[in-house]
Each structure stands twice: as C-alpha cells, then as structure tokens.
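Written below as structure tokens is the structure these notes are about.
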Amino acid sequence: MFASDIHCLVVVGAQWGDEGKGKVVDALAERAELVVRYQGGANAGHTVDAPAPDGGTRGEGGGKGGAFVLHQIPAGILHPGTRCVIGNGVVLDAATLFHEVEAVQARGVSVAGRLTVSDRAHLVLPYHKLLDAESARSREIGTTSRGIGPAYEDKVGRRGVRVGDLRHPGIVAALVEAGCAHANAMLAHGGSARRCDAGEVTRGLAELAPRLLPYVGDAGRLVADTLARGGNVLLEGAQGALLDVDHGTYPFVTSSYTTAGGAAVGAGIGPTAIDAVLGVVKAYVTRVGNGPFPTEAEAPEGERLRTLGAEFGATTGRPRRCGWFDAVAARYAARVNGLTALAVTKLDVLDEFETLPVCTHYQLDGARLDELPDSAAALDCVEPVYERLPGWRRRTGEARRPADLPDAARRYLERLEALAGVPVRYVGVGSRREQLIEL
Ligand code: IMP
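For the sequence shown, this note's numbering gives the first residue as 202, with consecutive numbering after it.
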C-alpha cells in the first residue's frame, strides 16, 4: 500500500473489531518507519503470528515465535526496523504496558529505543477499572472491563491524568485525589460498597513514573517529522467502525473514535496528512459484547463459524458472536472512514461451507434499507436480505497468489468488492505472514 504518493496510511477495522487488523498491520509494517496506535487502550487485543526476531520457530518446539497477543503496543514492534508510537488518543494502562513489554522482550523482541508514548495520552487508573467492573451500564454494554469508558469520561470531563503529568508528582497527587473522590462518589451513587484509595493510586504511579518517563515524548511531533522526511507512517486502529462512539451502534460502542478521522486526532496530525485508508473486514462478521448484529447466524452455522475461525476474544476470552458478511455495514464503514481499499481476512474459514449467505440490504417495516439506520433499536429490528453465493469447498490456506484461489472464492471476493464499493487489495487465508495475498 505504501507508494510514492502514499506515506501516511490508516488501517481501520470496518466491522465490530477483531477483523484481523494486527496481521495486516504486521504485514505492512515492514515498509513503515513508524506504526502508531491512535485510540482505545488495553481493551484491544491484536493477535499476530510472527517468527521471533531471534530466529525462533513458530511456537512449536519451544521457539519464541508464534502468536503474539498485543493489547497496547502497536503490532509494528515485531519488525526490528520499525518504531512504535502510542498516540495521544490512547488511554494507557501503564502497568499492563510493562507486562506486555516484558512478555515480548522475553521472546527476543527489543523495545528499548523503539517505543514512544505520547505525553498527552491519558492514563487508565485503578478507579477506572473499578468503575467499569462495578457499573450496571458496563454490564449492559458488555464492555471488556478494562476501564476504557471511565478513563475517556474523565478525559472529556477534564479530570484525567495525562502521561506527561507523571513528570510532576505534586500535580499527579492532586489530580488523583480529585479523580478518586469523583470515582468514589460514582461508586456510592451506583450502590457499590467498593472504594478506591487515592494514596495507593498515587504511590503506584510514583513507582511507575521512572519506568514510563524514558519512553514519553511529543508523539505528534515525531509523526509529523517522520512524514516531513518522506518516511512511511502506518496509523493502526483498534476495534472497528461499528464500535466508534459516534458512528457505531450507539450506545453499544466503545468510547473512542475508531474511524479514520480519529486517526488524525489521536496521532496528533492534521487530516490532510493522511493519504489512504485501508479497511479490514473478515470474510464473515463477528461481534463481542452486546448490541445489534443483523446477520448473526443461528446455531449450528454460528457455532461452526466460531469453531472454524477460533472466534474467542483475544482480551477477555469471551466467545464471539458470528454471522454472515454484511454489505450494508461494509458500505457504511467505507463511507464514514473514506476507505480507499479493503483487506478481507480469514477467507479460509469459509472453505468448508456449501453456500455463503451475503447480506446485500435490509428490510425495515416493508421498506428497503441500503444504509445503516441511525439507531441501535432500529438496527435490532431490520431483516437482513441475503444473496447466497456458492462455496468453493477447497482449502485456500496454501494460496499465495490470486490465481491460486478457487474460482468461487474469487467470485465471492468480487461480489464483496462490488457490494462494498471499495476495491479488495489484500486477502488473508491464514494467520501466518505469508498467508496474506496481495491482489
Ligand atoms: P469497552 O471498549 O471495554 O468499553 O467495551 C465496549 C464495547 O466494545 C463492548 O461491546 C466490547 O466487547 C467492545 N470491544 C472493545 N474492544 C474490542 C476489541 O478489541 N474487539 C472487539 N470488541 C471490542
């Protein structure tokens, strides 16, 4: 995707998250100088199958490669020549960041000098996680309980603690005192008996500060300088368009701007810096958490997709809800992100199916809908209308070029492309790096 006229590329999820963005970013990161996470936090879970930099083999026989699950570090960390950035739009759980740093280092990945954390990113603090865990609303939404919503609430409520504040212990103590008082009032209001102790949180941050501060800098400046030198920058989204706080199936959404516009804000650059937007979709659809999902497949087909696709949440282990490709959602994601290309992942999961339903439009109260309705309640009531495409019933995992794909698989991709109105540029037929085919 990087080319003489494409230096700044956004990779976004174009469904409800878990589309396989990590694998796509991993494949593209080789040609990127910087990979930047621009929103979300430890709610994301990118699973990337990569050989370890020390030459270890994939997982088997004690090798250090294999599946890396990254929650906060951008997937670019697995390419030794790439530098990674956690942008200002992220809410950072610093304690878990260091668990992740240690875990990748133990497998031969060097992080020192390759990770910059924006001084403007907000911190997820213990009281945010407590609020998320204790809130009835969070349970209704089915959040990941990682404190994401409460951390963004404090950010917008101007009560948040930013990473750069760690340079000033006095300021941190005062902010934590106020944040904790607010959180405790919310806990009491919600009927919870649990409380957070400001002194404990401040002491925890005092311990973390000397470890985190060496990574901290003006991330937006770093991104802008890299682009000005003609370097390639990949902006890596988390979650997906339908979980965007404005464009998603509100209120069943996450609390950040997952769409491409959020990439500019969250990376600290202007929108004119972005040259292209790659939307990642699965060849079918999954969703974790609650909320409308028009093409959700019933048992046994939903169960079959879950088993074949190993569809369990990378962060919470929850079984993902599974269903058929939804072209209405794809068209919508194309519009709200300004997608310039699509990557279709996990095509191989469909290898065994005889026919493949694809939702072309919805019916609502007798009327045809080609676009997503504005409310989750209406989306809950739509009837998906399917076209049934023939399956290919052949293994695709060994395909390396478009010509290696069965005709029916190529026709399936062509149909998705026509319905979404965006050209398909990449196709994933397995989790390994070489299983991403460029069309
Ligand atoms: P939160 O982001 O933890 O507040 O959760 C809000 C909604 O977003 C819930 O439905 C979660 O299941 C969903 N969600 C958050 N992160 C991810 C992700 O990385 N993949 C898929 N769903 C996610």
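No residue lacks a Cβ here, since even glycine has one placed at the ideal position from N, Cα and C.
For clarity, every value in this text was computed on a predicted model and none was experimentally measured.
Practice task
For residue 463, collect the residues of the same chain with a Cβ closer than 8 Å to its Cβ; drop the 5 residues on either side in sequence, then sort them by chain order.
Solution key: 239, 240, 290, 438, 445 and 457
Handout entry: CB of residue 236 within 7 Å of CB of residue 285, strictly
Key = yes
Exercise for the section: Examine the Cβ distances between the region 211-218 and the region 584-600 and report whether three or more of them are shorter than 8 Å. Expected result: no
Handout entry: Sequence-distant residues of its chain with Cβ nearer than 8 Å to residue 620 (five each side left out)
Key = 528, 531, 532, 559 and 561
Problem - Whole-angstrom C-beta distance between residue 628 and residue 640, which should lie under 8 Å - result: 7 Å
Exercise for the section: Please classify residue 261: is it buried, with 16 or more other beta-carbons within 10 angstroms of its beta-carbon, or exposed? Expected result: Here residue 261 scores only 36 on pLDDT, less than 50, and its place in the model should not be relied on; the value that follows carries that caveat. Classification for residue 261: exposed.
Exercise for the section: Let me know if residue 631 comes out buried or exposed under the rule of 16 or more other beta-carbons within 10 Å of its beta-carbon. Expected result: buried
Exercise for the section: Indicate the three-state DSSP secondary structure (helix, strand or coil) for residue 332 in the structure shown. Expected result: helix
Handout entry: Residue of 350, 288, 494 and 550 minimising C-alpha distance to residue 573
Key = 494
Exercise for the section: With DSSP as the reference, please indicate the residues paired to residue 527 in a beta bridge. Expected result: 560
Problem - Integer-rounded CB distance, given that residue 356 should sit under 8 Å from residue 346 - result: The Cβ separation is near 18 Å, so there is no contact.
Exercise for the section: Check whether the Cβ of residue 317 lies closer than 6 Å to any heavy atom of the ligand IMP, and answer yes or no. Expected result: no
Practice task
Would you check whether the ligand IMP has a heavy atom nearer than 6 Å to the C-beta of residue 438?
Solution key: no
Exercise for the section: Starting from the Cα of residue 348, find the closest Cα among 476, 295, 583 and 442 and give me that residue. Expected result: 295
Exercise for the section: Buried or exposed for residue 508, please, with buried defined as at least 16 other CB atoms from any protein chain shown within 10 angstroms of its CB. Expected result: exposed
Handout entry: Cβ-Cβ distance between residue 198 and residue 386 below 7 Å
Key = Since the first and last residues shown for the chain are 202 and 640, residue 198 lies out of range.
Problem - Same chain, Cβ closer than 7 Å to residue 373, neighbours up to 5 away in sequence not counted - result: 362, 366, 367, 403 and 406
Problem - Contact set for residue 570: own chain, Cβ-Cβ below 8 Å, skip 5 residues either direction - result: 529, 562, 563, 564 and 583
Practice task
Determine the contact status of residue 252 and residue 266, defining contact as a CB-CB distance below 7 Å.
Solution key: yes
Practice task
Would you identify the three-state DSSP class for residue 228, choosing helix, strand or coil?
Solution key: helix
Exercise for the section: Indicate whether residue 521 and residue 489 have their beta-carbon atoms separated by less than 7 Å. Expected result: yes
Handout entry: Where the beta strand (DSSP E) containing residue 304 begins and where it ends
Key = Where residue 304 is concerned, there is no enclosing beta strand (DSSP E), although the alpha helix (DSSP H) it sits in stretches over 295-307.
Practice task
List the residues that DSSP assigns as beta-bridge partners of residue 584.
Solution key: 564
Problem - Residues of its chain near residue 637, where Cβ-Cβ distance is below 6 Å and the 5 sequence neighbours each way are ignored - result: 228, 627 and 629
Exercise for the section: Mind listing, in chain order, the continuous beta strand (DSSP E) runs of no fewer than 3 residues lying wholly within the region 421-459? Expected result: 434-437
Practice task
Count the other C-beta atoms from every protein chain shown that fall within 10 angstroms of the C-beta of residue 270, then say buried if there are 16 or more, exposed otherwise.
Solution key: exposed
Practice task
Name the one or two DSSP bridge partners that residue 570 has.
Solution key: 563
Handout entry: Unbroken alpha helix (DSSP H) run spanning residue 383, endpoints
Key = 370-390
Handout entry: Chain-order list of residues whose beta-carbon lies under 6 Å from that of residue 581 (same chain, five-residue window excluded)
Key = 493
Problem - Per-residue burial, residue 440 [other beta carbons within 10 Å of its own, 16 or more giving buried] - result: buried
Problem - DSSP state of residue 508 mapped onto helix, strand, coil - result: helix
Practice task
Would you mind sorting residue 185 into buried or exposed? The rule is 16 or more other CB atoms within 10 Å of its CB.
Solution key: Residue coverage of the chain in this structure runs from 202 to 640, which leaves residue 185 outside it and unanswerable.
Exercise for the section: Could you tell me how far apart the beta carbons of residue 232 and residue 433 are, in whole angstroms, since I believe they sit closer than 8 Å? Expected result: 6 Å
Problem - Burial state of residue 206, where buried means 16 or more other Cβ atoms lie within 10 Å - result: exposed
Practice task
Confirm the yes/no value for this check: CB of residue 455, any heavy atom of the ligand IMP, distance under 6 Å.
Solution key: yes
Exercise for the section: Give, in chain order, every unbroken run of the beta strand (DSSP E) that is at least 3 residues long and sits entirely within the region 583-618. Expected result: 584-591
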